[in-house]
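> Let me begin by handing over the structure; questions about it come next.
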Amino acid sequence: MIACAIFCNPILDLIKGECSDDWYQSYNLSKDGYQMYDADKNNDLFDTLINDPCVIRLPGGSGQNTARMLAACLKGESEVAFVGCVGGRKTASGPELDPYASVMKETAESIPGLRCYYDVSAEEPTGTCAVSIAKENRSLCTRLGATAKLGKQYVESLESVWRTAQVVCVTGFFVTADGPSMRRVASTAHEAGRTLVLTLSAPFIVDMFTADVKFCAKLANILIGNESEWEAFRNANACKTVQDAMTCWTLSNQDTTTEFGPKRDEVLTTGSDVDHPPTEHPVSALPASGLPDTQSPSPALRLAVCTRGDQDTWVTLLTQDGPVSATFPVPPVSDIVDTNGCGDAFLGGLIAVLVQKGTAPGKQLALDDVAEALGKANACARLILGTNGFDFRPEQVQ
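Count along the sequence shown from 1, then add 4; that gives the number in the working numbering.
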């Protein structure tokens, strides 16, 4: 059984610790911050790192991180499929991966239950991120490489894989590889009755690829992002607040020919007897254009999640009685080492609980279920917050 199929851009993280000033100068790296790889300035940075036995090599990229954590949570009881594009070449005997992809695939698939379905491109090398660490300084240098080369035909050839998955997760970053394929995956998953998860991924994804994000959001059962990503989604849909946008989305039907935005002037938030009862978020008057007038008698699964770092997580869940908005506290974390990837781990834990509960588009969730999923999600995020990079052992995941 395939528990989940995840589409995103695979990146190999190469992490070098105790970097000297000479290291930064030799490769024209800033001591802190993020930069895109420039072959003229950064020289043979990645070749040097891949051949350094002291360098930590980790499969990365948002969706691949989530796939690794999800597979660890499921303990190999069902398959997690990850789809993306790496460097290499197609041969008569099958794909031949470049050295970066070979390392990445071997490490990723060492987690029981995870299988990587890599398309290969001879035009670009595997996407890679150099992480240079010196005490409190952290420098990231990224080469996107083959991530944008995922072929439409390859995605279609895997339809028998992802069409049968219980959950299909499309990250917003997938749109940078191929927008039409992102729409096809979302549409097919919806038509096949699969639970569709969409991550907003980054504000620029919502801003630059608005039409694709809106299309997939209309079909999604679960929409997740952090506060800045939801703010971009709010702005793209002319809602007044993030809470408005979350509520509006849960109320919208799954007709991609209509615009987003409800025809209700007010949405009532109901109570609950769970341990963390919902906090009522005032919902401002909303524009009268956009959302279809009717809701089906049995509303589709709709769960909106907004993570806010160490602040309470906002959730809006569609129930038989309408949307319920709730806040869930985030347990305090001490000794934070690195925040990169904690959101990816969070999603892996959340999907794991949904899979175990047999989630389906027509199956309603209770707030108790959401509370359990968020508890697992926070535990997974907490594990990654204590490491440099997305570095963990499957046995560390409870």
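Backbone N, C-alpha and C fix where the C-beta goes; we use that ideal spot for every residue, glycine too.
1. For Arg93 and Asn257, I'd like the C-alpha separation in whole angstroms.
2. Please go through the stretch 168-214 and give each complete beta strand (DSSP E) segment of 3 or more residues, from N-terminal end onward.
3. With DSSP as the reference, identify every bridge partner of Ser97, one or two as the case may be.
4. Looking only at its own chain, which residues have a Cβ that is under 6 Å from the Cβ of Thr298, when we skip the five neighbours before and after it?
5. Using CA atoms only, rank isn't needed, just tell me which of Glu376, Val189, Ile115 and Pro57 is closest to Val334.
6. Put Phe394 into one of helix, strand or coil per three-state DSSP.
7. Would you identify the three-state DSSP class for Gly92, choosing helix, strand or coil?
8. Can you name the residues that DSSP bridges to Asn141?
9. Exposed or buried, which one is Phe11 when buried takes at least 16 other CB atoms within 10 Å?
10. For Ala383, tell me which candidate among Asp316, Asn141, Gln402 and Asp211 has the shortest Cα-Cα distance.
11. Give a yes or no on whether the C-beta atoms belonging to Ser143 and Gly37 are separated by under 8 Å.
12. Please determine if the stretch 225-233 and the stretch 201-216 are in contact, where contact requires at least 3 C-beta pairs separated by less than 8 Å.
13. Where Val392 and Pro57 are concerned, what is the direct C-alpha to C-alpha distance, given to the nearest angstrom?
14. Taking its Cβ as the centre, do 16 or more other Cβ atoms sit within 10 Å of Thr123, making it buried, or is it exposed?
15. Express the C-alpha separation of Ala85 and Ser164 in angstroms, rounding to a whole number.
16. Roughly how many whole angstroms lie between the Cα atoms of His280 and Gln29?
17. Check for me: the alpha helix (DSSP H) holding Ala240 runs from which residue to which?
18. Between Val271 and Ala330, what straight-line distance do the alpha-carbon atoms span, to the nearest angstrom?
19. For Met73, which residues from the same chain have a beta carbon less than 6 Å from its beta carbon, with the 5 sequence-adjacent residues on both sides left out?
20. By DSSP, does Met73 sit in helix, in strand, or in coil?
21. With a cut-off of 8 Å, do at least 3 Cβ pairs link the stretch 179-191 to the stretch 141-159?
22. On the three-state DSSP scale, how would you describe Gly379?
23. List in chain order: all unbroken beta strand (DSSP E) runs of 3+ residues lying wholly within the stretch 22-49.
24. Please say whether Ala150 and Ser125 have beta carbons closer to each other than 8 Å?
25. Would Arg397 be called buried (16 or more neighbouring beta carbons within 10 Å of its own) or exposed?
26. Should Ser66 be labelled buried (16 or more other beta-carbon atoms within 10 Å of its own) or exposed?
27. Rounded to a whole number of angstroms, what is the C-alpha to C-alpha distance between Met212 and Ile15?
28. Please report how far the alpha carbon of Ile371 lies from the alpha carbon of Val319, in whole angstroms.
29. Using the Cα positions of Asn241 and Ala249, report the straight-line distance between them to the nearest angstrom.
30. From the DSSP secondary-structure annotation, give me the bridge partner or partners of Trp318.
31. By how many angstroms is the C-alpha of Val309 removed from the C-alpha of Val359?
32. Can you list, in chain order, the residues of its chain whose CB lies under 7 Å from that of Asp339, leaving out five sequence neighbours each side?
33. Does the Cβ of Lys380 have 16 or more other Cβ atoms within 10 Å, making it buried, or fewer, making it exposed?
So, from the data block:
1. Going by the C-alpha atoms only, they are around 43 Å apart.
2. Fully contained in the stretch 168-214 are the following beta strand (DSSP E) runs of length 3 or more, in chain order: 171-175 and 199-203.
3. Checking the DSSP bridge columns, you'll see Ser97 has no partner listed.
4. Bear in mind that the predicted position of Thr298 carries a pLDDT of just 34, short of 50, making it unreliable; the figure below should be weighed with that in mind. The answer is none, since no qualifying residue turns up.
5. When C-alpha distances from Val334 are compared across Glu376, Val189, Ile115 and Pro57, the shortest belongs to Glu376.
6. Annotated three-state conformation of Phe394 is coil, per DSSP.
7. It is a strand residue.
8. DSSP output for Asn141 lists Ala138 as bridge partner(s).
9. When all chains shown are included, Phe11 counts as buried.
10. Nearest C-alpha to Ala383: Gln402.
11. Against a cut-off of 8 Å, the Cβ pair of Gly37 and Ser143 comes out as a contact.
12. Flag = yes, the stretch 225-233 and the stretch 201-216 touch.
13. A small correction: the amino acid at residue 392 is Asn; Val does not occupy that position in the sequence shown. In a straight line, the C-alpha of Asn392 is about 17 Å away from that of Pro57.
14. Reading off the sequence, residue 123 comes out as Asp, not Thr. So Asp123 ends up on the buried side.
15. Here the C-alpha atom of Ser164 lies approximately 12 Å from the C-alpha atom of Ala85.
16. Because the pLDDT at His280 is just 38, under 50, the model does not fix this residue reliably, and the value given afterwards should be weighed accordingly. His280 and Gln29 have their C-alpha atoms some 51 Å from each other.
17. That run of the alpha helix (DSSP H) goes Glu231 to Ala240.
18. Residue confidence is low: Val271 scores 34 on pLDDT, short of 50, so the model does not pin down where it sits. Its coordinate-derived value is still stated next. The straight-line gap from Cα to Cα measures roughly 14 Å.
19. Take Met73, set aside five residues on each side of it, and the residues of its chain with a beta-carbon closer than 6 Å to its own are Ala349, Gly352 and Cys384, in chain order.
20. Met73: helix per DSSP, three-state reduction.
21. Yes, they touch.
22. The DSSP-derived three-state label of Gly379 is helix.
23. Considered as a whole, the stretch 22-49 harbours 37-40 as its complete beta strand (DSSP E) runs of no fewer than 3 residues, in chain order.
24. Between Ser125 and Ala150, the C-beta spacing is below 8 Å.
25. Per the 10 Å Cβ criterion, exposed.
26. Counting every other CB atom within 10 Å of its CB across the protein chains shown gives Ser66 a total of 16 or more, marking it as buried.
27. In a straight line, the C-alpha of Met212 is about 21 Å away from that of Ile15.
28. Contrary to the premise, residue 371 reads as Leu rather than Ile in this sequence. Between Leu371 and Val319, the alpha-carbon positions lie close to 9 Å from each other.
29. Straight-line Cα distance between these residues: approximately 7 Å.
30. Its beta-bridge partners are Cys310 and Thr331.
31. The C-alpha of Val359 lies about 17 Å from the C-alpha of Val309.
32. Once the five neighbours on either side are set aside, the close Cβ partners of Asp339 are Gly390.
33. Buried, because 16 or more other Cβ atoms sit within 10 Å of the Cβ of Lys380.
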